[in-house]
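Chains as they are written, first to last, in this note's numbering: chain A, 2 to 405; chain B, 183 to 540; chain C, 482 to 855. What follows is a single structure, written as C-alpha cells, with notes after it.
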C-alpha cells in the first residue's frame with residue numbers, strides 16, 4: 002500500500018511530472034508569443050521593403066495586431082465542408098501542430114534545454130517529418146481539388162527536401178561526433194571560444210548551412226518554395242477549406258515550424274546561445290537566451306527578406322532543385338567533411354601519416370590545409386553543379402511544341 | 183503549320199516606317215552564367231528600400247526610394263482643384279440666393295439620371311421662376327462624371343471635394359436641396375482658380391435672375407431667416423414663405439425614388455386635397471423653426487466635414503422634418519375659391535406631366 | 482499497374498489570380514494541362530447596348546469602365562471614332578494632350594500589369610508595390626487634369642475637357658525624371674532572377690503563325706516576333722511625329738512578353754519626353770472651339786454613316802465601330818476588345834504546361850475583365 006502510494010504520489014515522480022508540465026506550458030506560451038512576433042516581423046519587414054508602413058494601428062507599432070487577429074480567427078464560426086471527411090479534417094491541424102510543438106522539446110533556448118536526448122538532431126528531423134502526414138490529411142479530407150493538389154505537393158516537397166536536409170546535417174554530426182544538440186552547440190564553443198568557431202565559418206559548415214537552409218525553407222513552406230499553399234495557383238492549398246480556429250492552428254503551426262527551423266539553424270550553425278559572456282553562471286543564461294533569440298530572429302528576417310524578392314518555383318523545378326542541385330552538393334560536402342576530419346584529427350595510426358608532418362592534431366597548420374582543401378572542393382562543386390543545372394537542369398521546357 | 187512567304191511579307195509590311203525609330207528585338211538573358219547572383223542583386227535592391235524606408239519619405243515625385251505611405255485619416259493628400267467627387271449646389275454668401283435656375287440641363291445630361299429638379303413657381307402669378315423649388319441628387323447612383331457641372335450655364339452645380347460619404351443609412355444618400363447647398367466661399371476655398379475663371383459671368387447671371395425671383399424663392403433654405411434683410415424687395419407675397427409645408431413634406435420624401443413626373447402628379451393630388459381642407463397658413467414662428475432645424479442639420483457646410491451621424495440626420499424623413507419652399511401650391515389658394523384652385527392645380531399637373539413625358 | 486485519370490479543375494470565377502470574375506475549366510493529367518476552356522461573361526454590363534441608348538457624350542463616361550486600367554486610351558479611341566463620324570477637327574495642342582495622356586496611361590498599365598504578373602508568379606508584393614507606386618503618381622496627374630483617378634472622363638469630341646496647366650506639365654516632368662530609376666530598380670530586382678528565368682523562359686509559347694491566325698495584338702503578338710503596333714502600322718493622332726521603337730520578341734514566350742512590356746515603358750517615356758518638348762509650340766487650343774460647350778457635345782448629331790477607328794491600347798488593338806443614323810445616339814456601337822481576342826489563344830498557350838503555368842500565362846496576356854466581358 003505504501004509502495005503504491007509512493008509510486009503514484011512520491012516526491013521524485015511527481016516533481017518530474019510537474020517540471021515537465023511547467024516546461025511544456027512555458028514552451029507553448031512562448032511559442033504562441035513568438036509566433037505573434039514573427040507575423041509582426043514578417044508583415045512590417047515586408048512592408049518596409051515595399052516602401053509602405055504595414056500594420057501600425059493596433060497597439061504600439063502595431064505589435065498587438067496579431068492579438069486582434071487571433072481574437073478574430075478564434076471567434077469565427079468553425080466550418081467543416083459537408084462532403085469532407087469530418088474526423089480527418091478535424092485531426093489534420095492537430096497532427097500538424099503536435100508534431101511541430103514536439104520538435105521544440107530538444108531545441109535549446111540558449112543554455113536552457115528542455116530535454117537533452119542523445120539523438121536530438123535525428124529527433125528534430127524525424128518529428129518534423131510527421132507534419133507531412135497532417136498536410137496530406139488536410140488536403141485529402143477537405144474534398145477539394147485545390148486542397149488535394151496542395152496536399153500532394155506538400156508531401157512530395159517535404160519528402161524530397163528532407164533528404165538534402167538530413168545529409169547536410171550528417172556533415173555536422175560527423176564533425177561533432179554526437180547527435181545531441183547540446184554537444185553540437187558545445188562543439189562550436191570548444192576550441193577558441195570566439196565567433197570563428199561557429200560551424201558556418203568553415204567551408205564544410207558553410208556549404209552544409211546553405212543546403213540545410215534552402216532545404217529548410219522548403220520544409221517550412223517558405224517562399225520560394227511555398228507551393229503547397231501557393232495562393233495565386235491553389236487559392237490556399239491544403240488550407241483552402243479551413244477557417245476560424247482550425248485555420249489559426251494551421252497558421253500557428255506554420256510559423257512555429259519556421260521558428261523551429263531558425264532555432265535549429267542558429268543552434269547547429271551559428272553557435273546557439275554562444276556569445277560573449279554566455280558562460281557566466283546566471284547572467285550568462287539570460288545572455289545566452291538573448292543571443293539565441295537574436296540569432297533566430299535574424300535568420301527569420303532573412304526568410305522574410307527572401308520572401309520579398311523571389312517568385313515561386315514551379316513544382317517540377319522544385320523537385321529538380323532538390324535532387325539535382327542540393328543532393329549532389331550535400332553528398333560532396335560529406336566527402337569534404339571526411340577530408341577535414343582526416344586532415345585535422347587523424348594521425349599515423351589512422352593512415353594519415355602525411356598529416357602528422359604538418360603538426361599536432363588541431364594545430365593551425367593542419368587547420369589551414371583543411372580549410373584550403375575543403376574550400377576548394379566545395380566551391381568547385383558548387384559552381385560545377387550550378388552550371389550543369391543552369392544549362393540543362395532546372396529549366397525543363399526546351400522546345401515549343403504547341404499544336405494548332 | 184509553317185509560315186508561308188505571303189505571311190512573312192505581310193508581317194513585314196505591317197510596319198510602315200513613320201516618324202523615327204523602327205523595330206528593336208528585346209535581348210533575352212541566357213541563364214548560363216547564373217549562380218544565384220540574380221537573386222542576390224534583387225536582395226540588394228530590396229534591402230536598400232528597406233533601409234531607406236526608415237529614414238526618408240517620398241515627397242518629391244521624382245524620388246523612387248523611401249516611405250510612400252500617406253497615413254490617411256491623419257495625413258491627407260492635397261486634392262487638385264479639378265478633383266470631382268459629388269455634385270453640390272452653390273448659393274451666394276450674402277443674399278443666400280442660389281445660382282441654380284432650374285434650366286434642366288444637368289438633369290438631361292446626367293448619364294445615370296440621378297438629378298431630379300422641380301422648378302419654382304411664383305405664388306402670385308403661378309408662372310415659373312428661374313429658381314429650383316426642389317433639387318434632388320441620388321448620391322448613391324451618381325457616377326461622379328462631372329458632366330452636370332460642365333454643362334451648367336450658370337455655374338450653379340459644382341463638384342465637391344468631400345469624399346467621406348460612407349453611411350449606414352442608404353436613404354440619406356438621396357440629397358435634397360437643403361443638403362446640397364454650399365456657399366460660394368466654400369467652393370472658392372477648394373477651387374480658387376476654377377471659380378475665378380467663371381466668377382464674373384456667374385455673378386452677372388445671378389443678378390439678373392434675382393430680379394425675377396419673388397420673395398424667398400431661390401434662397402437656400404437655411405439662409406431664409408438670416409439673409410432676409412439683404413434681399414432685394416420683390417413681389418408683395420414675398421415676405422410670407424412656405425405655407426402648407428407639412429402637407430408637402432411627404433411628397434418631397436416620396437419623390438426620391440420616383441420619376442419626377444409621377445411626383446408631380448402625386449403632388450398635385452395632395453395639393454388638391456389640402457386645398458379642400460382649406461390651406462392652413464402656419465405662423466411665422468413655425469416657419470422660422472423649420473428653417474433653423476435645417477441650419478443646424480446642415481452643420482456648417484464651409485468646413486465640408488460632416489460626420490456620418492449628421493449626414494444620416496440630413497435626410498428629411500416624412501415624419502420629423504418639414505420641407506420648406508413648397509410654397510406655391512398652397513399659396514395659390516389664398517385668393518381663390520377652393521374648387522377653382524383645385525382645377526387650376528390639376529391643369530398644371532397635367533401640363534407638367536406632359537412636359538415630363540417628352 | 483497504377484491507373485491515372487484526368488482531373489477537371491475549375492479555376493474561378495472566384496480565384497485570387499483570374500484577374501476578375503473569370504472562369505477556367507482546366508483538364509489536367511497530374512499537373513500537366515491537357516485542355517483549357519476559358520468561360521467569359523461573368524462581368525457583362527451591357528456596355529455596347531448602353532452606348533446605343535446614351536448620347537455620344539454620355540458614352541464617354543462608360544468607355545472609362547471598359548479597361549479600367551487605361552481609361553484615357555479608351556476615351557481617346559472613342560472620341561476619335563465620333564470625330565471621324567461627325568467630321569470634327571482636333572487642334573494640334575489637343576492632340577498633344579491626348580498623346581501625353583495616352584502614353585502615361587500605357588506606362589501605368591504596364592507597370593501595374595508586370596507587378597500583377599509577378600504576383601501571380603509568387604513574388605510576394607514587392608514588384609507589385611513598385612509598379613503601383615508609378616501607377617499612383619500617374620493617377621495623381623490624371624486627377625489633376627481630369628478630376629478623377631481612374632474614371633478620368635477627360636477627352637471630349639475635338640479635344641479634352643480642360644487644358645493642362647504649366648503646373649501639371651511640371652508634375653509630368655517630375656514623374657519622367659524619376660521613372661528611369663524605377664525601370665532600373667525593377668530590372669535589377671527581377672531581370673536576372675534565376676527563378677523568374679526558370680519560370681518564364683519557354684513557357685506559354687505562342688508561335689508567330691499561330692499568333693497571327695488568332696489575330697492577337699499588343700505585346701502578345703509583338704513578343705511572338707511580329708512588329709505590329711497601330712501607332713506605326715496606321716499612325717493615328719500625331720504619333721507620326723515621334724521617334725520611338727517597337728520592341729519585338731523572338732520566341733513568343735512569357736519571358737518575351739515581360740521584356741517587351743519593359744521596353745515599351747521605356748519607349749513611352751521617350752515619346753512623353755518628345756511630346757512635352759513640342760507641346761509649347763503646338764498651335765490651337767485644348768479643344769475645338771466650336772465644340773467647347775458641353776451642351777454642344779451633348780447635342781451632337783453626326784450625319785448618318787459609319788466609322789471605325791483603332792488605337793494601340795496597352796493590351797492591343799482597341800477598335801470602336803459606330804453606326805449613326807443621324808440621331809443623337811449611336812445606332813450601332815461595337816468594340817473590338819484586345820483582351821478578349823488575346824484571351825482566346827489561352828488554350829493553345831497553356832496546353833502541355835503545368836497547372837502553375839496557367840496563372841503565369843494568363844497574367845502575361847494582361848487581361849482586364851471589364852474589357853473582356855463589357
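Note that CB positions come from ideal geometry on N, CA and C, so glycine has one too.
Tell whether a beta-carbon distance below 8 Å holds between residue 799 of chain C and residue 538 of chain C.
no
Exposed unless 16 or more other CB atoms sit within 10 angstroms - verdict on residue 178 of chain A:
exposed
Secondary structure at residue 229 of chain B, three-state DSSP: helix, strand or coil?
helix
Residue 736 of chain C versus residue 275 of chain A: straight-line alpha-carbon distance, rounded:
47 Å
From the DSSP output, in three-state form, read off residue 234 of chain B for me.
helix
What ranges does the alpha helix (DSSP H) occupy inside the stretch 259-335 of chain B, keeping only unbroken runs of at least 4 residues that lie completely in it?
287-291 and 329-333
For residue 14 of chain A, three-class secondary structure by DSSP
helix
Quick test of your reading: residue 127 of chain A and residue 116 of chain A, contact by CB under 8 Å. State the CB separation rounded to the nearest angstrom.
14 Å between Cβ atoms; not a contact.
Given residue 232 of chain A as reference, the closest of C/732, C/496, C/486 and C/491 once Cα atoms are compared
C/496
Compare the C-alpha of residue 407 of chain A against each of A/290, A/361, A/345 and A/43 and name the closest.
One cannot answer for residue 407 of chain A here, as it falls past the ends of chain A, which runs 2 to 405.
Please state the DSSP three-state secondary structure of residue 254 of chain A.
helix
Could you check where the beta strand (DSSP E) with residue 161 of chain B kicks off and where it finishes?
Any answer about residue 161 of chain B is impossible in this case: the structure gives chain B only from 183 up to 540.
Mark residue 315 of chain A as exposed unless 16 or more other C-beta atoms lie within 10 angstroms of its C-beta, in which case mark it buried.
buried
Would you call the CB atoms of residue 122 of chain A and residue 176 of chain A closer than 8 Å?
no
Kindly indicate the opening and closing residues of the beta strand (DSSP E) around residue 770 of chain C.
Run containing residue 770 of chain C: none; DSSP gives neither H nor E here.
Anything in chain B within Cβ reach of residue 54 of chain A, meaning under 8 Å, just list it in chain order.
249, 251 and 253
For residue 172 of chain A, the nearest candidate out of A/113, A/99, A/341 and A/261 (CA to CA)
A/341
For residue 363 of chain B versus residue 254 of chain B, is the C-beta spacing smaller than 8 Å?
no
Are the C-beta atoms of residue 822 of chain C and some chain A residue less than 8 Å apart?
no
Note down, one range per segment and in chain order, each beta strand (DSSP E) of at least 3 residues found wholly within the stretch 80-145 of chain A.
none
Every unbroken alpha helix (DSSP H) within the stretch 234-305 of chain A, with a cutoff of 4 residues, ordered by chain:
245-270
Just to confirm, are residue 697 of chain C and residue 826 of chain C a CB contact at a threshold of 8 Å?
yes
Is it a yes or a no for the stretch 574-587 of chain C touching the stretch 540-558 of chain C, going by three-plus beta-carbon pairs under 8 Å?
yes
Taking residue 358 of chain B as the reference, give the member of B/316, B/389, B/326 and B/383 with the closest Cα.
B/316
Apply the 10 Å Cβ neighbour rule to residue 496 of chain B and answer buried if 16 or more other Cβ atoms are within range, or exposed otherwise.
Residue confidence is low: residue 496 of chain B scores 41 on pLDDT, short of 50, so the model does not pin down where it sits. Its coordinate-derived value is still stated next. With 16 or more other Cβ atoms within 10 Å, it is buried.
Which residues does DSSP pair with residue 505 of chain C in a beta bridge?
C/492 and C/519
For residue 695 of chain C, which residues of its own chain have a beta-carbon under 7 Å away from its beta-carbon, when the five flanking residues on both sides are left out?
825 and 826
Quick one: Cα of residue 207 of chain B to Cα of residue 217 of chain B, how far?
26 Å
Which residue's Cα is closest to the Cα of residue 399 of chain B: B/531, B/300 and B/226?
B/300
Strictly by DSSP, which residues pair up with residue 239 of chain B?
B/249
Taking only three categories from DSSP, how would you classify residue 1 of chain A?
The requested residue 1 of chain A is not part of the displayed model; chain A covers only 2 to 405.
Own chain residues within Cβ distance below 6 Å of residue 37 of chain A, not counting five before or after:
67
For residue 419 of chain A, which option in A/273, A/334, A/221 and A/229 has the closest C-alpha, if you only look at C-alpha atoms?
Summary: the structure shown does not reach residue 419 of chain A, with chain A confined to residues 2 through 405, and so no result is reported for it.
Can we say the stretch 647-655 of chain C touches the stretch 588-600 of chain C, given the rule of at least three CB pairs closer than 8 Å?
no
Among C/849, C/831 and C/850, the one whose alpha carbon lies nearest that of residue 841 of chain C
C/831
Using the C-alpha atoms, what's the distance from residue 813 of chain C back to residue 806 of chain C?
9 Å
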